[in-house]
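Protein chains in written order, with the working numbering: chain A, 1 to 335; chain B, 1001 to 1335; chain C, 2001 to 2335; chain D, 3001 to 3335. Down below is the structure, laid out as structure tokens.
Number of protein chains: 4
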Amino acid sequence: MIPVAVIGASGYTGLELIKILSQHPEFELVYVAASEGGTTTDRLHPSLAKVVSVPVEKADAAQVASVAELAFLALPHKTAMGFASELLARDVKVIDLSADYRLRQETYEAYYCPHIDAKNLPEAVYGLPEFYRQKIKKSRLVANPGCYPTASLLGLLPFIPYIKEDAPIFIDAKSGVSGAGKKLSASTHYVNINENIFAYNPITHRHAPEIAEKIDDLFLTQVDVNFVPHLIPVTRGMLCSIYMQLDRDIDPAAVLNDLYKDEPYVRLRSEPVDIKSVAGTNFCDIFVHKEGKSLFISSAIDNLLRGASSQAVVNANLVCGLDEGLGIPLFAYVP
Amino acid sequence: MIPVAVIGASGYTGLELIKILSQHPEFELVYVAASEGGTTTDRLHPSLAKVVSVPVEKADAAQVASVAELAFLALPHKTAMGFASELLARDVKVIDLSADYRLRQETYEAYYCPHIDAKNLPEAVYGLPEFYRQKIKKSRLVANPGCYPTASLLGLLPFIPYIKEDAPIFIDAKSGVSGAGKKLSASTHYVNINENIFAYNPITHRHAPEIAEKIDDLFLTQVDVNFVPHLIPVTRGMLCSIYMQLDRDIDPAAVLNDLYKDEPYVRLRSEPVDIKSVAGTNFCDIFVHKEGKSLFISSAIDNLLRGASSQAVVNANLVCGLDEGLGIPLFAYVP
Amino acid sequence: MIPVAVIGASGYTGLELIKILSQHPEFELVYVAASEGGTTTDRLHPSLAKVVSVPVEKADAAQVASVAELAFLALPHKTAMGFASELLARDVKVIDLSADYRLRQETYEAYYCPHIDAKNLPEAVYGLPEFYRQKIKKSRLVANPGCYPTASLLGLLPFIPYIKEDAPIFIDAKSGVSGAGKKLSASTHYVNINENIFAYNPITHRHAPEIAEKIDDLFLTQVDVNFVPHLIPVTRGMLCSIYMQLDRDIDPAAVLNDLYKDEPYVRLRSEPVDIKSVAGTNFCDIFVHKEGKSLFISSAIDNLLRGASSQAVVNANLVCGLDEGLGIPLFAYVP
Amino acid sequence: MIPVAVIGASGYTGLELIKILSQHPEFELVYVAASEGGTTTDRLHPSLAKVVSVPVEKADAAQVASVAELAFLALPHKTAMGFASELLARDVKVIDLSADYRLRQETYEAYYCPHIDAKNLPEAVYGLPEFYRQKIKKSRLVANPGCYPTASLLGLLPFIPYIKEDAPIFIDAKSGVSGAGKKLSASTHYVNINENIFAYNPITHRHAPEIAEKIDDLFLTQVDVNFVPHLIPVTRGMLCSIYMQLDRDIDPAAVLNDLYKDEPYVRLRSEPVDIKSVAGTNFCDIFVHKEGKSLFISSAIDNLLRGASSQAVVNANLVCGLDEGLGIPLFAYVP
């Protein structure tokens, strides 16, 4: 068993990590930390009573290094890179669920804050296994993608070779409320989002550059990505509706099939995809429809799993040389 | 008081018509019909108990003509035009909520069925008051727009003069479940749509030609309209997210303001619009954001009111020479 | 037109008061106040844009008295009685939506805080029109009942004459989330209440003494009232399931009918009642079923209307000698 | 590995059985049947794509007997007993999820239909492990309890020894919509149950006699059980609020603790229980509060798991001499 740590246990993604890791056949969860220690996992998350009851400490890098070989960081951005640099210096592998190592330094600093771990940034690998699997296997620092970029990139990357020059991509993303985290806010008050839907930060949302940068990274292509997230009245799950223009006639289902047919966590669907078929799993379901040169792609994921915690464990499996499927949730919450 | 009839009282739009008309200061609801007669409005809709209890007949055109000057048809397409032609022949004005008179004959027949009232079709006026007000006033047959075209057209029409040539428009529409009507189906089973969202009939939905045709009608411009409707877990309301490309630099808020500032039922918003602020009303709320040459428009309506019944009453007011605001609901269901 | 004021405009019940009063045929809303002034009704509640846009002041009793004959207080308890005493001293009639004048002083002080307006407390009339109509008409200070007691009392009061001695009443109440107000809390976070239901403050909830006291007041009977409120994932509406034991054989539907047949806002139902048929209205729908000596009563109201604002306007109508039905909402939000 | 069959794979409980059994360490799912064969599990349940894709046959008892040692019957009542008698005759153990073997013959026939397998009925054991564990271990025919009786009995049985003579028990039960099954009906139309709640079959619901009979069976006590189920707008989960009167002063938490402290699937809570902490698991969470001689018990389960499929697998584990916890889901869907 490989000893691992979860730093940042109090949020939703921390909880999902605890749930996955405590059932994992090769990882042993030996250390759990939150911003306030002195509690246990089941006091922090009452649904874990009689299931997982282990101490929750106040995070300490030296302590992590003394017991764990790999750490999952489910921390706010900025806090994450401070902690990651300390862990890497102590030879602890890091799967970082924050934004801190996802972007080139100049992009990061334009959208977030000054980067304080420029030293380790270059060796970070973007943890989207379908496109970076070989690099992840050799990495000791994985930048786990955000939920919006995960769903968007898995849907649109296969079609970048066929995109019409200068034509923008429009991504209309719909996220469940758990994506906004546990923090109280007017947007997450039940009365405000129940029976409702609205866009937020249209086009200027900071996941757009993450998407554009990975397109450039993989295809050396600059694309104008217009990203508009919406909040919808569901707890978990995310649907991305992607609109592109093609420069030639292709069979889009065949393009997807060529790329993904052997991928364990991507499912091509002949009917429009829905959230419920993926909520609770690491799957990304994709549907595509072409009308003339216009392409519509619909992709669905569980924002907390494929968009965060279960993808993080796939990455950890790869980093540790394990079968990437170990412990990964496959059964949707349906019904 | 002008005597009016509602034909098709058992569905959601029929109910909304009854609610509005029974409070209307100038219309008197003298005749209510449904496919099965022999009942009353409050047996059909128990929420009307102690409020509106009038007989519901089996629809008969001669009987309508003997008591009413104007009829609202909340009937399925095809049934509607059969009934409308009989009413018009008897000098009863018609506000038709079906699709039967919304389209040119060839378009209608390509998407629906053979048209059986080609005689009256040419005189039908499209009931979007902001763009057809003067024609509606002189009409005796109004084709009330569908909910999707209403929300879409009010959002995108102001920008057609500035659209980039050959660039498609993408409309990502989200509709509450009441839009699917009362009929039982797998899509409307609570378990299937609760905590879920999915697209249906992507790009091939028959509201796309309705939108394209009205653009052509008003601006003599052919635009490639890509329309993708989604079902969302809310009962009523509709949000349309519209993505366009412009051919020049404009101030989109000023464009909207010039066109709509004196319109009583369009509200320009400086924050992304939401469903709850319009549910229960005849308002269409619109937000717009431009980034480079990409334009994002977000429009919200109540699908059963502005997208059907309250817009129908505005049209009836206009047809009858009344103030268009008589009896029109303005107060949202918020919270 | 009688000039009236709303003090406490920023919450949900304040919004409902504004909606009702701005359409009222005999009341003119001349003064609106909130804890922070310097705004307008439509900035406070964006859904009111293009509908009701009037200044919102910082509340001042002298100013109220100079313009209004009657004031609605939608304030937190304690604040309300401070303000009410000032208004009464200036001859302004008061409809108080808080708990401050609902209870006998000793009961109030046991469950809330020391009473600071003992002077006016004795003249306060409990604003449940079906049982206190004549007193309300002669009053200048009405204590508007809470939503839980309104739904509970209307259901159970008719059966108090037949209750088995010493048998407790159990009230299992279910409230929509708007009952918890606008304040952010873990309970109202969408993720916590969506797809969920839970009891809170079981049996010790402070609405139980309000119910017991009114039973005693009307029937000189002490009953053991066990009240358990639950939060349910709906925005508005309340259902109370009441369990009683009878001391004799009665026809419960006949008992209800005798009492309520001429009441404009109580509807007896032959099928179990639901929230949607009353949400948006001042109605209380009641269903009753007896099995042996066990009685089950189910009552439904809109918590913000019959449970607060529309009942307050009925009371104001009575206090001012108007027809009690003026301006009262009757049309449910169905569908 | 013990070969097992699932008969009735198309419904919600059939799906849950497939999900649990395909991950079970000692059971091998060798046969799956539905009313229509000729399909596969993932065509029947698209969320199973790339996870469980096995043929689905038209059910045949001889075929089951040729491959499986134990069968789960997720069939409608009446169909189930027909099939069970054939399987038992062929020495296949049966876990029946229907009502067919839960009741004494006379009770069954009063509430359902004539019993057609009176031969096997006497040997059926009621599959509530906390109270029938030793009998289940020796059984070859387990009548898996319904969801309502499971949640109710686990909450109230501990207090039967202390119940006041002749005092009725009131059970106010709230069930998610999945409890109504996949069948389309007005009650399960999204528009009718969203933002709504209502009772159905009050007091006359047929789970009341199941509860009363088990109380009599275990305690030789006849209790007047008044059971009122409500439908609530959640997909899965059930909350039972139970109201009892005691004949003496007890410490209810201590009573529960004495009985359940070593039970793996019952959790005693010091705060009112909620659905979300148990949805996705086999747990029953219980909270209790006493005020004078009135007792309030709140119990929560997942209606499809503890109320059906996971409890069925616990029973199968016991029948087959396995550790009862094998394969049983423990991690709630929270958030």
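No residue lacks a Cβ here, since even glycine has one placed at the ideal position from N, Cα and C.
Environment of residue i [buried if 16+ CB atoms lie within 10 Å]
i, result
"L2352 of chain C", "Any question about residue 2352 of chain C goes unanswered here, given that chain C covers just 2001 to 2335."
"L220 of chain A", "exposed"
"S1152 of chain B", "buried"
"Q222 of chain A", "exposed"
"K1174 of chain B", "buried"
"G2276 of chain C", "What sits at residue 2276 of chain C in the sequence shown is Lys, not Gly. Per the 10 Å Cβ criterion, buried."
"K2093 of chain C", "buried"
"Q311 of chain A", "buried"
"A3062 of chain D", "exposed"
"V2990 of chain D", "The requested residue 2990 of chain D does not occur in the structure, where chain D is confined to residues 3001 to 3335."
"V32 of chain A", "buried"
Pairwise C-alpha distance: residue j and residue i
i, j, result
"V56 of chain A", "G11 of chain A", "13 Å"
"A1180 of chain B", "T1188 of chain B", "7 Å"
"L3075 of chain D", "C147 of chain A", "40 Å"
"G3176 of chain D", "I2211 of chain C", "30 Å"
"L246 of chain A", "V3052 of chain D", "36 Å"
"L1157 of chain B", "R2043 of chain C", "28 Å"
"A2167 of chain C", "I2297 of chain C", "16 Å"
"I2160 of chain C", "N2144 of chain C", "22 Å"
"K3078 of chain D", "P3 of chain A", "53 Å"
"A3034 of chain D", "N3192 of chain D", "30 Å"
"V1278 of chain B", "E2263 of chain C", "33 Å"
"P2229 of chain C", "S3022 of chain D", "41 Å"
Interface flag, residue i vs chain A, CB-CB below 7 Å
i, result
"N1196 of chain B", "yes"
"V2191 of chain C", "yes"
"H1205 of chain B", "no"
"T2281 of chain C", "no"
"V3051 of chain D", "yes"
CB contact below 7 Å: residue i versus chain D
i, result
"F331 of chain A", "yes"
"L1184 of chain B", "yes"
"S298 of chain A", "no"
"A2253 of chain C", "no"
Contact list for residue i against chain B, beta-carbon separation under 8 Å
i, result
"L3044 of chain D", "By Cβ distance, chain B contributes nothing, its closest Cβ being about 13 Å from L3044 of chain D, past 8 Å."
Within-7 Å CB hit, residue i to chain B
i, result
"V2054 of chain C", "no"
Neighbour list for residue i in chain C, Cβ cutoff strictly below 9 Å
i, result
"Y995 of chain B", "For residue 995 of chain B there is no data in the structure shown, the boundaries of chain B being 1001 and 1335."
Amino acids of chain A, ordered along the chain, whose beta-carbon sits closer than 9 Å to that of residue i
i, result
"V2177 of chain C", "H189, Y190, V191, N194"
"T2235 of chain C", "Y190, V191, N194, E195"
Residue i: contacting residues in chain A (beta-carbon distance under 8 Å)
i, result
"T2107 of chain C", "Within 8 Å Cβ-Cβ: nothing; T2107 of chain C doesn't reach chain A, min ~31 Å."
"E1291 of chain B", "I203, T204, N226"
Below-7 Å beta-carbon distance, residue i vs any chain C residue
i, result
"N3144 of chain D", "no"
"V3288 of chain D", "no"
"S3305 of chain D", "One detail in the question is off: residue 3305 of chain D reads as Leu in this sequence, not Ser. False, the Cβ-Cβ gap to chain C never drops below 7 Å."
"N3226 of chain D", "yes"
Legend entry - At least 3 beta-carbon pairs within less than 8 Å: the stretch 1249–1260 of chain B vs the stretch 2011–2022 of chain C: no
Legend entry - Touching by the beta-carbon criterion (3+ pairs, under 8 Å), the stretch 2252–2267 of chain C and the stretch 2199–2207 of chain C: Touching, no.
Inset, instruction - Taking 8 Å as the threshold, find out whether the stretch 2284–2297 of chain C comes into contact with the stretch 2261–2274 of chain C through three or more Cβ pairs. - result: yes
Inset, instruction - Take every Cβ of the stretch 115–125 of chain A, pair it with every Cβ of the stretch 85–101 of chain A, and state whether three or more of those distances are shorter than 8 Å. - result: yes
Inset, instruction - Please determine if the stretch 1301–1319 of chain B and the stretch 1125–1134 of chain B are in contact, where contact requires at least 3 C-beta pairs separated by less than 8 Å. - result: yes
Inset, instruction - Would you be able to state if there are at least three C-beta pairs under 8 Å between the stretch 1227–1246 of chain B and the stretch 323–332 of chain A? - result: no
Legend entry - At least three beta-carbon pairs within less than 8 Å, the stretch 2102–2112 of chain C to the stretch 2083–2090 of chain C: no
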